[in-house]
Amino acid sequence: MLLNHLSKIADHRRSEGRRYPLNYILLFSVLAILSGATSYRK
1 MLLNHLSKIA DHRRSEGRRY PLNYILLFSV LAILSGATSY RK
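Residue numbers for the sequence shown follow the UniProt record's numbering, so the first one is 1 and each next one is one higher.
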């Protein structure tokens, strides 16, 4: 359900910067924040 909503967000990255789909990046970012992550490096 959340992934469907995130899929509607437009991806404005250049094609060279699209290693992973934006909706998955956003999903894992949301899950990390909910898990208590405070930095993307740790």
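Ideal Cβ positions, reconstructed from N, Cα and C, are used throughout, including at glycine.
Confirm, please, whether the CB-CB distance from residue j to residue i is below 7 Å.
| i | j | result |
| --- | --- | --- |
| L27 | L6 | yes |
| N23 | L3 | yes |
Skipping 5 residues on each side, what residues in its chain have a beta carbon closer than 6 Å to that of residue i?
| i | result |
| --- | --- |
| D11 | L22 |
Can you give me the Cβ contacts of residue i inside the same chain, cut-off strictly under 7 Å, excluding the 5 residues immediately before and after it?
| i | result |
| --- | --- |
| S35 | none |
Going by DSSP, what residue range makes up the alpha helix (DSSP H) through residue i?
| i | result |
| --- | --- |
| I33 | L22 to L34 |
| H5 | L2 to L6 |
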